[in-house]
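Structure, as structure tokens:
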Amino acid sequence: MKILVSLKRVADPDNANKIKVTPQKIETTGLEFKPNPFDEYAVETALRLTENAANTKQRLGEVTVVTFGPKEAESTLRAALATGADKAIRVDATDDALDGDLVARALAKLIETEKPDLVLLGKQEVEGDANQVAQLLAEYLGWPQATFAGSIKSEGDTALLVGREIDGGTMNLRVTLPAVVSVDLRIVAPRSVQSVHTKADHAYPEGVRFAALMAIMAAKKKSLTEVKLTDLTGDVGLKIKYTGFEPPPARKAGVKVKSVSELVEKLKTEAKVL
Amino acid sequence: MSKPIQAINRYKADLRDFQFLLFEQFKVGELLGKGVFEAWDAEQVNVSLAECYRWTREVAGPLNAPADAEGCKLVDGRVITPKGFKEAWKSLYEAGWKSIGIAPEHGGAGSPVSVQILVEEMLSGANTAFNMYSGLAFGASEVIASFGTTDQQHLYCARMFGGEWGGTMCLTEPHAGSDVGSAKTTARLNADGTYSIKGTKIYISGGDHDLASNVIHLVLARVDGAPAGTKGLTLFIVPRVRTSGDGTLGADNDVTVAALEHKMGINGSATCVLNFGDNDACIGVPVGGDSELNKGMPQMFKMMNGARIAVGVQGIGVASSAYLNALEYARDRKQGASITHWKDATAPRVSIIEHADVRRMLLDMKSRVEGIRALVVKLTSHIDRLTFAKDDAEAAYHQGQVDLLVPLVKAYGTDQAFRVCETAIQTYGGAGYTRDYPVEQYCRDCKIFSIYEGTNHIQAMDLVGRKLGQAGGANLQAFLGDIAKFVAAHKDHAKLGASVRALGGAQEALGGSALKLLMWFQTGNMAAVPLYATRFLEMMSEIAVAWMLLDAAIIADTKLQTVEPGHPDKAFYEGKLFSAMYYARSVLPAAELKARQMNDEDKSPLEISDAAFATV
Chain A
1 MKILVSLKRV ADPDNANKIK VTPQKIETTG LEFKPNPFDE YAVETALRLT ENAANTKQRL
61 GEVTVVTFGP KEAESTLRAA LATGADKAIR VDATDDALDG DLVARALAKL IETEKPDLVL
121 LGKQEVEGDA NQVAQLLAEY LGWPQATFAG SIKSEGDTAL LVGREIDGGT MNLRVTLPAV
181 VSVDLRIVAP RSVQSVHTKA DHAYPEGVRF AALMAIMAAK KKSLTEVKLT DLTGDVGLKI
241 KYTGFEPPPA RKAGVKVKSV SELVEKLKTE AKVL
Chain B
1 MSKPIQAINR YKADLRDFQF LLFEQFKVGE LLGKGVFEAW DAEQVNVSLA ECYRWTREVA
61 GPLNAPADAE GCKLVDGRVI TPKGFKEAWK SLYEAGWKSI GIAPEHGGAG SPVSVQILVE
121 EMLSGANTAF NMYSGLAFGA SEVIASFGTT DQQHLYCARM FGGEWGGTMC LTEPHAGSDV
181 GSAKTTARLN ADGTYSIKGT KIYISGGDHD LASNVIHLVL ARVDGAPAGT KGLTLFIVPR
241 VRTSGDGTLG ADNDVTVAAL EHKMGINGSA TCVLNFGDND ACIGVPVGGD SELNKGMPQM
301 FKMMNGARIA VGVQGIGVAS SAYLNALEYA RDRKQGASIT HWKDATAPRV SIIEHADVRR
361 MLLDMKSRVE GIRALVVKLT SHIDRLTFAK DDAEAAYHQG QVDLLVPLVK AYGTDQAFRV
421 CETAIQTYGG AGYTRDYPVE QYCRDCKIFS IYEGTNHIQA MDLVGRKLGQ AGGANLQAFL
481 GDIAKFVAAH KDHAKLGASV RALGGAQEAL GGSALKLLMW FQTGNMAAVP LYATRFLEMM
541 SEIAVAWMLL DAAIIADTKL QTVEPGHPDK AFYEGKLFSA MYYARSVLPA AELKARQMND
601 EDKSPLEISD AAFATV
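Next up, the structure:
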């Protein structure tokens with residue numbers, strides 16, 4: 001199976017306190033970047049689908065990772081190559097010249113030439129939390145989509161059984177390949193992904209695999225190509241316009257109540273939750 | 001009911017400081033892509049450090065406190081390591097972090113030693129006890145790689161570097177600790193050319209464990225008829241399970257674990273009493289074959305630099321995490337009002353980082369941790385530059401600095417590590433004394449570092465007895481000369497000039513104290529040498545660390561001119577300036593005090609009678 005995974009670097013959520021917001025923009029100078037966690041889960045899913053867990057050094061399929069970003073974003077791709085992906089593509093762009101629609105259109109064009117059987121994405125990135133690209137991409141491609149996948153069972157190279165995480169439970173969908181699937185947190189639980197290669201009772205360690213040292217060294221020799229955004233689409237216009245930025249309001253100081261009855265009274269009259 | 005010990009990671013490392021040392025201060029980056037480091041580039045170094053940090057936080061770190069509480073068990077003569085160590089061992093060797101600095105011909109990645117040592121800082125800092133097992137296997141395998149026969153290398157090296165088999169170093173005996181030459185373990189030649197080993201070794205770290213299918217002991221023993229003292233000791237390869245040439249495991253080799261020590265710290269590391277040949281069925285062969293009989297000590301000495309650097313790095317790994325944890329706590333914990341409102345009982349409570357004495361402790365820890373880490377990387381960068389030396393003189397210079405700095409890194413690094421951990425506890429207050437926080441374990445774990453691998457006094461004697469006079473004193477002269485050049489270049493620096501001039505004064509005092517030592521040797525005043533050796537080592541270390549911090553601060557001051565406002569590097573570089581200024585003004589004066597003490601030649605500890613120490 002050929003799988004294409006889109007991967008984005010995001011400002012390290014653990015350093016959110018360092019972010020400076022001006023009315024015109026969010027200042028990214030000096031921020032540390034990490035792969036978007038949901039995208040890392042998508043890479044892990046792709047690796048699990050294309051290997052026998054008994055021998056993870058041999059890839060039984062092809063995993064291509066794609067990112068949209070400046071030259072520095074290549075380290076995010078190298079890290080994915082170091083965990084087992086086969087090749088990488090960087091579409092040269094900066095974040096402020098992109099929105100979900102433009103990324104989806106450019107990806108659709110790239111997919112015409114790459115011809116994957118499956119496109120895997122994180123369900124959303126943790127900066128803007130827009131949650132749009134997978135849905136738009138499926139529409140542009142005219143492919144079936146299954147979003148918020150918490151489990152995937154591969155049925156050969158023809159179909160996937162996807163457990164979608166929805167309010168109140170799981171919706172099981174069978175999608176015919178090629179398809180677009182976006183993944184949720186639970187996809188990296190030990191038994192969430194069942195490939196045709198791995199024994200059904202195999203349990204992976206929870207989460208995303210470590211990059212081994214030798215794979216980090218070998219990743220340098222794997223293919224990483226650069227593509228111009230304008231080579232993928234003539235229309236680089238944005239559909240989302242940001243009109244202003246402001247930090248979330250600071251929390252107001254709390255009040256101490258003297259008694260339970262005062263608390264109940266306030267919950268009724270001020271908070272109006274009772 | 002006592003509180004449960006939680007399996008959560010507490011380990012913290014400062015990767016920005018690692019990058020500063022590698023790429024800004026010691027410029028190891030300029031060696032990447034060249035010569036023996038051809039396969040490496042800066043991005044691989046950074047990805048490796050980041051991935052290794054992730055591994056330590058997710059795998060080794062969470063096991064640190066539970067393993068300390070659980071300890072090791074001796075069951076049916078075999079050591080059972082704490083819960084989770086087996087899985088972590090497998091994960092460690094799959095990830096490959098123990099192989100980063102090993103030469104490619106032994107299955108490693110051949111990184112600069114400066115990168116390897118920072119990886120080791122993380123492995124040791126996250127879980128000292130766990131890293132002991134792989135550390136000893138690594139060291140023993142290095143001995144075989146350096147001195148073993150080709151067959152021995154084929155049989156053991158890849159397996160021991162790769163985690164299939166463990167390894168130990170068996171030197172100490174009940175009556176032979178620092179006095180290793182009085183070892184009594186014997187080796188008797190058998191008809192088939194092997195030797196029968198018989199004796200007892202104590203304090204053997206990782207002397208047995210359940211992490212690997214075999215443990216290869218390197219045992220110092222005396223062949224029947226060999227000379228007394230260290231000159232008659234041979235290093236033997238003694239596997240726990242006998243092995244055939246292709247690595248197939250055979251019969252038990254009569255190595256028994258007589259007991260496990262109960263210790264102050266590193267409780268997850270099995271410290272064993274080992275009996276060899278209780279049933280006269282323990283077989284060993286000399287490392288390197290029969291031509292290497294009685295060469296055990298020279299073999300050990302050649303490996304000692306690496307092992308001693310590694311122990312210094314154990315210290316810095318734990319101390320650094322102690323500092324960073326104390327810092328986090330100080331930012332969070334609210335207690336007391338600001339000194340500006342000290343009379344107002346209703347004034348808002350402030351984070352303890354706002355209190356002057358907490359800030360003093362934090363900066364004290366920061367400067368020591370960063371300064372000693374810089375000294376470590378200075379040392380390893382000399383090793384890394386050895387293979388690039390243009391001529392013999394340059395190579396001799398680098399090797400000379402390595403030899404000179406090893407006792408400083410081992411002794412000062414580990415002495416200060418304990419003090420940093422103690423200061424970290426003090427920063428927390430009562431909370432730091434409980435097992436709710438990691439610093440009390442850090443303090444217990446790191447005390448052993450100043451004792452094993454040659455006590456810190458042995459390091460001091462190595463420095464004054466061997467290293468100062470090495471190459472006719474040229475290594476010390478080069479060290480003093482490098483400081484003098486630095487002082488001359490920066491003594492009028494706008495911000496740091498006064499501190500640089502103070503370093504200059506201390507450097508002159510150090511030269512004077514070295515001459516004093518020489519005079520004691522020449523005039524037969526031998527008793528004064530060990531009496532002042534420890535203080536001389538500390539003095540020289542303080543001067544070296546002050547130099548490293550000032551060097552870093554001058555780089556940082558230049559970078560501050562161009563760093564963008566709002567960039568976190570601004571705070572990083574400012575921190576470098578304050579580390580240097582604090583250390584130069586609050587620690588370095590102690591160096592000149594020690595010079596004065598040496599001039600004073602107080603011999604009270606020698607003159608006092610044994611009885612006068614106490615009449616109880």
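In order, the protein sequences belong to chains A and B. Heads up, the first sequence is in the numbering used here, so the first residue is 1 and it goes up one at a time. Heads up, the second sequence is in the numbering used here, so the first residue is 1 and it goes up one at a time. Beta carbons are placed, not taken as given, at the ideal position from N, Cα and C, and that holds for glycine.
According to DSSP, is residue 178 of chain A part of a helix, a strand, or is it coil?
coil
Under DSSP, the beta strand (DSSP E) around residue 349 of chain B begins and ends at which residues?
349-351
Using the C-alpha atoms, what's the distance from residue 13 of chain B back to residue 321 of chain B?
6 Å
Would you say residue 135 of chain B and residue 220 of chain B are within 8 Å of each other, going by their C-beta atoms?
no
Beta-carbon within less than 7 Å of residue 244 of chain A's beta-carbon, same chain only, minus the 5 sequence neighbours each way: which residues are those?
23
Should residue 67 of chain A and residue 73 of chain A be called a contact, given that it needs their Cβ atoms to be closer than 8 Å?
yes
Chain-order list of residues whose beta-carbon lies under 6 Å from that of residue 82 of chain B (same chain, five-residue window excluded):
67, 70 and 268
For residue 51 of chain A versus residue 188 of chain A, is the C-beta distance shorter than 8 Å?
no
Cβ closer than 8 Å: which chain B residues qualify as neighbours of residue 29 of chain A?
564, 566 and 567
Grab the span of the alpha helix (DSSP H) containing residue 47 of chain B for me, first residue to last.
42-55
Look at residue 425 of chain B and residue 121 of chain B and say whether their C-beta atoms are less than 8 Å apart.
no
Are the CB atoms of residue 618 of chain B and residue 403 of chain B nearer to each other than 8 Å?
Summary: the structure shown does not reach residue 618 of chain B, with chain B confined to residues 1 through 616, and so no result is reported for it.
Counting beta carbon pairs with one atom in the region 173-189 of chain A and one in the region 140-152 of chain A, are three or more of them shorter than 8 Å?
yes
Grouping DSSP H, G and I as helix and E and B as strand, with all else coil, what is residue 221 of chain B?
strand
Below 8 Å on C-beta distance, what does residue 48 of chain A contact in chain B?
What residue 48 of chain A touches in chain B: nothing, since even the nearest Cβ is about 16 Å away.
What residues in the region 147-173 of chain A have a beta carbon less than 8 Å from any beta carbon of chain B?
none
Taking contact to mean at least 3 C-beta pairs separated by less than 8 Å, is the region 383-403 of chain B in contact with the region 439-449 of chain B?
no
Contact under 8 Å by Cβ, residue 207 of chain B with residue 168 of chain B
yes
Start and end of the beta strand (DSSP E) containing residue 72 of chain B?
Looking at the DSSP string, residue 72 of chain B is not in any beta strand (DSSP E), and its letter there is neither H nor E.
Between the region 338-357 of chain B and the region 460-472 of chain B, do at least 3 Cβ pairs fall closer than 8 Å?
no
Rounded to whole angstroms, what's the CA-CA distance from residue 182 of chain B to residue 204 of chain B? Just pull it up for me.
17 Å
When you compare each of A/89, A/129 and A/262 to residue 100 of chain A by their alpha carbons, which one comes out closest?
A/129
Please identify the residue among A/82, A/85 and A/138 whose C-alpha is closest to the C-alpha of residue 107 of chain A.
A/138
Local conformation of residue 303 of chain B per DSSP, three classes
helix
Using 8 Å for Cβ pairs, my map puts residue 63 of chain B next to residue 88 of chain B. What's the rounded Cβ distance?
6 Å
Closest to residue 26 of chain A by CA distance: which of A/216, A/226, A/262 and A/10 is it?
A/10
Please report whether the beta-carbon of residue 216 of chain A lies at a distance below 8 Å from any beta-carbon of chain B.
yes
Can you list, in chain order, the residues of the region 76-93 of chain A whose Cβ is nearer than 8 Å to any Cβ on chain B?
78, 79 and 82
Are there 16 or more other CB atoms within 10 angstroms of the CB of residue 335 of chain B, so buried, or fewer, so exposed?
exposed
Per DSSP, the bridge partner or partners of residue 507 of chain B:
According to DSSP, which records beta bridges pairwise, residue 507 of chain B is partnered with nothing at all.
Segments assigned alpha helix (DSSP H), at least 4 residues, entirely inside the region 57-120 of chain B
64-70 and 85-95
Taking three-plus beta-carbon pairs below 8 Å as touching, is the region 29-40 of chain A in contact with the region 70-86 of chain A?
yes
Coil, strand or helix - residue 117 of chain A by DSSP:
coil
Since residue 608 of chain B meets chain A, which of its residues come closer than 8 Å, beta carbon to beta carbon?
Per Cβ cutoff of 8 Å: no residues; residue 608 of chain B is ~56 Å from chain A at best.
Return yes when the Cβ of residue 263 of chain B is within less than 8 Å of the Cβ of residue 256 of chain B, no when it is not.
no
Does the region 98-118 of chain B touch the region 256-264 of chain A, meaning 3 or more C-beta pairs lie closer than 8 Å?
no
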